[in-house]
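My numbering puts the first residue of the sequence shown at 1474, with every later residue one more than the last.
All C-beta atoms, glycine included, are put in the ideal place defined by N, C-alpha and C.
Just below is one structure, and these are the notes that go with it.
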Amino acid sequence: MKKKILLLLIIFISSCCKEDDTALVCISDCTVVQGQIVTSNGKPLANIPIEFRHNSSRPYSSSIRRIKKATTDENGYYNMEFFIESDELGSEAKGHFELIIDYSRLNGDVYMNNSPFYDINISSINSRDTTITMDFYNPKKAYITVNLNGFNPSTGDDYFRLESFFPSGIKSEKNNIWGFDYLLGYGTSYEATSANSKIDSVLVAENDNNWVSIRRRKDGVGLMDQDTIFFVPENNTIELNFTY
């Protein structure tokens, strides 16, 4: 049994191939991936490492091609120029592209994201000699107070719940209905357990619009969500009140 496990492990390790092409210079038919990374008030985030790679997986084998690396400049901009291999090109190609941002240099007490591996997948790139722009937003943390008042459940299924959201991540038109230019980040989730609950540390984004959603079930019936959009300034003293 041990020999079989060892053999399988050797096969697995040998089937995983990593190729580093980050030092190669593209001469023609170049693809460009570019963008900007900012934080609160549109302030640029400089010296943020970024990597672009292609991940390919097949039965019993996988490969990673590290295509290009970059670092944001003093204005938060990055630019990577590279050549896409034939077996990576088009919607029928096996695998996907991945942009990885390393936020680990940032203070996790200040910024929403300080992960060394924040990644965005691109399912396919259909043609060379093209430019892809991806802008990102990593907001600063802030906190507000929310009071959930008058919770008086009549059944075990009743609830009084809050969730907070804020713009974060890649720039997208998906959330324009809420006035957000970026995808949504998920902040605090809290469910009342007493008649009156005071939550002093609801996570929100500083100097930006935020969204608090209040959800209720009364007498076993779910009610329409109550959504509140509001701006959070620096040094805020915001306190929101909601009644069951």
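Report task. Use the C-beta contact count for leucine 1508: other C-beta atoms within 10 angstroms, 16 or more gives buried, fewer gives exposed. Result -> Note that residue 1508 is glycine in the sequence shown here, rather than leucine. Result: buried.
**Report entry** asparagine 1586 versus leucine 1579: straight-line alpha-carbon distance, rounded
**Finding:** Distance between the alpha carbons of asparagine 1586 and leucine 1579 is about 8 Å.
Query raised in the report: Can you tell me whether isoleucine 1598 is buried or exposed, with buried defined as 16 or more other CB within 10 angstroms of its CB?
Result: Sixteen is the threshold: when 16 or more other Cβ atoms of the shown chains lie within 10 Å of the Cβ of isoleucine 1598, as they do, the residue is buried.
Report task. Could you tell me how far apart the beta carbons of threonine 1710 and asparagine 1622 are, in whole angstroms, since I believe they sit closer than 8 Å? Result -> About 19 Å separates the beta carbon of threonine 1710 from that of asparagine 1622, a gap too long to meet the 8 Å contact definition.
Query - Contact the stretch 1556-1566 vs the stretch 1652-1662: 3+ CB pairs below 8 Å - result: no
Query raised in the report: Do you know offhand how far aspartate 1494's Cα is from serine 1641's?
Result: Distance between aspartate 1494 and serine 1641, taken at the CA atoms: about 30 Å.
Report task. Please classify glutamate 1565: does DSSP put it in a helix, a strand, or coil? Result -> coil
Query raised in the report: Looking only at its own chain, which residues have a Cβ that is under 7 Å from the Cβ of leucine 1676, when we skip the five neighbours before and after it?
Result: Within the same chain, leucine 1676 has close Cβ partners Lys1614, Tyr1616, Ser1637, Gly1660 and Thr1661.
**Report entry** Best match in Trp1684, Gly1695 and Asn1611 for proximity to phenylalanine 1633 [C-alpha to C-alpha]
**Finding:** Of Trp1684, Gly1695 and Asn1611, the residue nearest in Cα terms is Gly1695.
Query raised in the report: Does DSSP put glycine 1695 in a helix, in a strand, or in coil?
Result: strand
**Report entry** Complete alpha helix (DSSP H) runs within the stretch 1625-1660 (minimum length 4 residues, chain order)
**Finding:** none
Query raised in the report: So, using beta-carbon positions, are alanine 1668 and asparagine 1625 closer together than 8 Å?
Result: yes
Query raised in the report: Rounded to a whole number of angstroms, what is the C-alpha to C-alpha distance between valine 1685 and asparagine 1514?
Result: 21 Å
Query raised in the report: How long is the line joining the alpha carbons of aspartate 1627 and aspartate 1575, rounded to whole angstroms?
Result: Inspection of the sequence shows that residue 1627 is occupied by serine rather than by aspartate. Taking the straight line from one Cα to the other gives about 48 Å.
Query - Assigned secondary structure, serine 1535 (DSSP; H/G/I helix, E/B strand, else coil) - result: Serine 1535 falls in the strand class under three-state DSSP.
Requested in this report: Just tell me which of Phe1555, Glu1492 and Leu1497 has its CA closest to the CA of serine 1536.
Outcome: If we check each option's Cα against that of serine 1536, Glu1492 comes out closest.
Query raised in the report: Roughly how many angstroms lie between the CA atoms of alanine 1566 and arginine 1526, to the nearest whole one?
Result: 14 Å
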